[in-house]
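K.L.:
Mind having a look at this structure? Questions to follow.
Protein chains in written order, with UniProt numbering: chain A, 1 to 289; chain B, 1 to 328.
Now the structure itself:
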């Protein structure tokens, strides 16, 4: 066994200059991360197939002569399923880092944990908002081409929110906005909430299950609230449930007397998401990883 | 330069790291030695601000880790093999790290070349062997060309070729004047690479000394003698004023005398010897004795007995500890 020779160490100087990093660098890093894993391609790909495919099916199967619901309304059914993919991706963006141990590498490279979470949230939100809005815009155009411009006869049954102009079916500006940007915003916010839940629970399956509960439970609970004394609670549960929120953005709310445009539900979801992200940021900063 | 001051980490009522104070000096390979569960990894995670200390502080070049602007350019760390998203390619894994610290993308190709992963740069790391995962972790550590490098058990689970490669890499990095802090539970590994030694057991600092001092202190050489006439031999030794210790098996252990001299002494006294052999205590033994009391989980059976056999060790270790304390 030989002892290492003790020699005077040369002064080491790194070849790369050191500067202050900022959110921009974290954003570039997170963008590289999200575009280089298969789960992104798969979840968003499946979402596109669901949103566009289901709409195509509806357009193909329905007889376009009888229109009673809002012209753009059929986009709803694809989105109801498609949103699940966005929620899954939102959870995976952060929980996969915990699952693989990557989070330790990430936080060693960027010890400002709030910045890491912010960069993840921004990149994820921008990506899913864009993809969802584009998909919804395509279905809206598809539906307008199929169900818009149809003559409405004297005797035909008209839904309360079907817009008719000069005897022809059409869509209002609010309906266009709700069915594209509105739905894109709502689904992307749901995804962001999933990301926050993923950061809080640090476990993929647990976080995805939790989000399924958030989306489905209010409606399921409401079904069992049949007594009169609970009628008000039941209505609120239905009104703010995620499926009804999206339906409202399409101006097809489940409750006929409810507010139709879905803006209130959008605001409520934004508040819940902001609170969850704040909690995620606070726990991430404190916890051992 | 990494300075630890009174670093303590408790999980509930279990103390993982207990009031550690030491300094990792620049331009030297410092070995961080301790048995499994001694708190080495916890200490290293706290150095990187991944775990929060219960009390105490760590300064890297005078700053807290969180205050470093581009940490990868100060300190590179290999914590565990495969702290990596397996679905990402080696190149993309390094690219996203480089981008977060403003490191140019060509540096990614450079480090892949250094660790020999260039041919598999576009492969998903999921399929990598342990050795390849280790190399990818080292590539990430080298990315920012940092002055300080930290490796947690880098040779664990590697084949001889991989161990050889890591040893040479560390020597090369140290020769460039970098600070290297490397943990291990193998004394023999440290003896080959480290110049300075920090030993912990059950989270407590047990030794902070140079490797040269540790070897001088612990590579005890002696001559072992067995004879059917121990009483006569004892008298002969006493006559020659040579001090001997008798071990459990009744053999003589004689320090500070050559075997030739002992053999001649026996011949002059017409004594029969059954054994006359020069012995060297290994550093591994010295380390085991030093940490014997602090090993958290003893194995049952023969190993446990060995632990009992080493029972007087703490005294011995303590004596050695105070001794080096004087020297330091």
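The beta-carbon is built from N, C-alpha and C at its ideal position, and this holds for glycine as well.
Can you give me the start and stop residues for the alpha helix (DSSP H) that residue 365 of chain A sits inside?
P.N.:
In this structure chain A extends from 1 to 289, so residue 365 of chain A is not present and cannot be described.
K.L.:
Checking contacts by CB at 7 Å: is residue 102 of chain A closer than that to chain B?
P.N.:
Output row for residue 102 of chain A: interface = yes.
K.L.:
Does residue 106 of chain B have its Cβ less than 7 Å from a Cβ in chain A?
P.N.:
No, its Cβ sits nowhere closer than 7 Å to a Cβ of chain A.
K.L.:
Taking the CB atoms as reference points, tell me whether residue 240 of chain A and residue 179 of chain A lie closer together than 7 Å.
P.N.:
Not in contact: residue 240 of chain A and residue 179 of chain A (Cβ atoms no closer than 7 Å).
K.L.:
The alpha helix (DSSP H) that contains residue 12 of chain A, what's its start and end?
P.N.:
Counting along the chain, residue 12 of chain A falls outside any alpha helix (DSSP H), and DSSP gives it neither H nor E.
K.L.:
Cβ closer than 7 Å: which chain A residues qualify as neighbours of residue 226 of chain B?
P.N.:
The premise fails here: residue 226 of chain B is roughly 27 Å from chain A at the closest Cβ pair, so nothing lies under 7 Å.
K.L.:
I want to see whether chain B comes within less than 7 Å of residue 20 of chain A, judged by CB atoms only; does it?
P.N.:
Chain B contact via Cβ: present.
K.L.:
Please classify residue 51 of chain B: is it buried, with 16 or more other beta-carbons within 10 angstroms of its beta-carbon, or exposed?
P.N.:
Counting Cβ neighbours within 10 Å, residue 51 of chain B comes out buried, since at least 16 surround it.
K.L.:
Using a beta-carbon distance below 7 Å, is residue 66 of chain B in contact with chain A?
P.N.:
It does: the Cβ of residue 66 of chain B has a partner Cβ on chain A nearer than 7 Å.
K.L.:
Tell me whether residue 11 of chain B is buried or exposed, calling it buried when 16 or more other Cβ atoms sit within 10 Å of its Cβ.
P.N.:
The residue is exposed, with fewer than 16 neighbouring Cβ atoms inside 10 Å.
K.L.:
Residues of chain A with CB closer than 8 Å to the CB of residue 41 of chain B, please, in chain order.
P.N.:
The premise fails here: residue 41 of chain B is roughly 11 Å from chain A at the closest Cβ pair, so nothing lies under 8 Å.
K.L.:
Could you run through the stretch 44-78 of chain B and flag, in chain order, every residue whose CB is less than 8 Å away from some CB of chain A?
P.N.:
If the cut-off is 8 Å between Cβ atoms, the stretch 44-78 of chain B has 45, 48, 49, 50, 51, 52, 65, 66, 68, 69, 70, 71, 72, 73, 74 and 77 near chain A.
K.L.:
Checking 7 Å against the spacing of the C-beta atoms, do residue 370 of chain A and residue 170 of chain A come in under that value?
P.N.:
The question about residue 370 of chain A has no answer here: the residues shown for chain A are numbered 1 through 289.
K.L.:
Which whole runs of the beta strand (DSSP E) in the stretch 175-249 of chain B are 3 residues long or more, in chain order?
P.N.:
Those beta strand (DSSP E) runs which fall completely within the stretch 175-249 of chain B and span 3+ residues are 179-184, 196-201, 204-210, 221-226 and 244-246.
K.L.:
Strictly under 7 Å for the Cβ-Cβ distance: is residue 217 of chain B near chain A by that measure?
P.N.:
Not one chain A Cβ lies under 7 Å of residue 217 of chain B.
K.L.:
What would DSSP say about residue 293 of chain A, mapped onto helix, strand or coil?
P.N.:
Nothing about residue 293 of chain A can be read from this structure; chain A reaches only from 1 to 289.
K.L.:
Considering only DSSP beta bridges, list what residue 55 of chain B is partnered with.
P.N.:
Bridge partners of residue 55 of chain B: B:8.
K.L.:
With a threshold of 7 Å between beta carbons, is residue 85 of chain B in contact with chain A?
P.N.:
Output row for residue 85 of chain B: interface = yes.
K.L.:
Do residue 179 of chain B and residue 124 of chain B have their C-beta atoms closer together than 7 Å?
P.N.:
In this structure, residue 124 of chain B does not lie closer than 7 Å to residue 179 of chain B by Cβ.
K.L.:
Near residue 192 of chain B, which residues of its chain fall below 8 Å by C-beta distance, leaving aside the five closest residues on each side in sequence?
P.N.:
Counting only Cβ-Cβ distances below 8 Å, and skipping sequence neighbours, we find 167.
K.L.:
With 7 Å set as the bound, which would you pick, yes or no: does the beta-carbon of residue 12 of chain A sit closer than that to a beta-carbon of chain B?
P.N.:
Chain B, which has a Cβ nearer than 7 Å to the Cβ of residue 12 of chain A, makes this yes.
K.L.:
Quick one: grab the DSSP three-state call for residue 105 of chain B.
P.N.:
The answer is coil: DSSP assigns residue 105 of chain B none of H, G, I, E or B.
K.L.:
If you measure between the beta carbons of residue 214 of chain A and residue 86 of chain A, is that distance less than 7 Å?
P.N.:
Result no, Cβ atoms of residue 214 of chain A and residue 86 of chain A do not sit closer than 7 Å.
K.L.:
Could you check the C-alpha separation between residue 45 of chain B and residue 154 of chain B for me, to the nearest Å?
P.N.:
Cα to Cα, the separation comes out at about 15 Å.
K.L.:
Quick check: residue 238 of chain A and residue 254 of chain A, are their CB atoms within less than 7 Å of each other?
P.N.:
Yes; because the gap between Cβ atoms is below 7 Å, this pair is in contact.
K.L.:
What residue from B:131, B:28, B:152 and B:32 has the CA that sits closest to residue 165 of chain B's CA?
P.N.:
Among B:131, B:28, B:152 and B:32, the Cα nearest to that of residue 165 of chain B belongs to B:131.
K.L.:
Residues of chain B with CB under 9 Å from residue 289 of chain A, in chain order?
P.N.:
Chain B residues near residue 289 of chain A: 45, 50 and 51.
K.L.:
How about residue 7 of chain B and residue 20 of chain B: are their beta carbons less than 7 Å apart?
P.N.:
Yes, these two residues count as a Cβ contact at 7 Å.
K.L.:
From B:244, B:84 and B:139, pick the residue whose C-alpha is nearest to that of residue 36 of chain A; which is it?
P.N.:
Out of B:244, B:84 and B:139, B:84 has the C-alpha closest to the C-alpha of residue 36 of chain A.
K.L.:
Do you know how far the Cα of residue 101 of chain A is from the Cα of residue 76 of chain B?
P.N.:
Distance between the alpha carbons of residue 76 of chain B and residue 101 of chain A is about 17 Å.
K.L.:
Taking three-plus beta-carbon pairs below 8 Å as touching, is the stretch 106-116 of chain B in contact with the stretch 32-50 of chain A?
P.N.:
Counting Cβ pairs under 8 Å, fewer than three are found: no touch.
K.L.:
With which residues is residue 33 of chain B paired in a DSSP beta bridge?
P.N.:
Note: residue 33 of chain B sits in a beta bridge opposite B:184 and B:199.
K.L.:
Using 8 Å as the cut-off, can you tell me whether the stretch 220-233 of chain B makes contact with the stretch 57-69 of chain B, which would need three or more C-beta pairs spanning the two stretches below that distance?
P.N.:
No, they do not touch.
K.L.:
Under DSSP, the beta strand (DSSP E) around residue 82 of chain B begins and ends at which residues?
P.N.:
Segment: none, residue 82 of chain B is in no beta strand (DSSP E) and carries neither H nor E.
K.L.:
Between residue 282 of chain A and residue 151 of chain B, what straight-line distance do the alpha-carbon atoms span, to the nearest angstrom?
P.N.:
So the alpha carbons of these two residues sit roughly 30 Å apart.
K.L.:
Strictly under 7 Å for the Cβ-Cβ distance: is residue 29 of chain A near chain B by that measure?
P.N.:
Closer than 7 Å to some Cβ of chain B, the Cβ of residue 29 of chain A qualifies, so yes.
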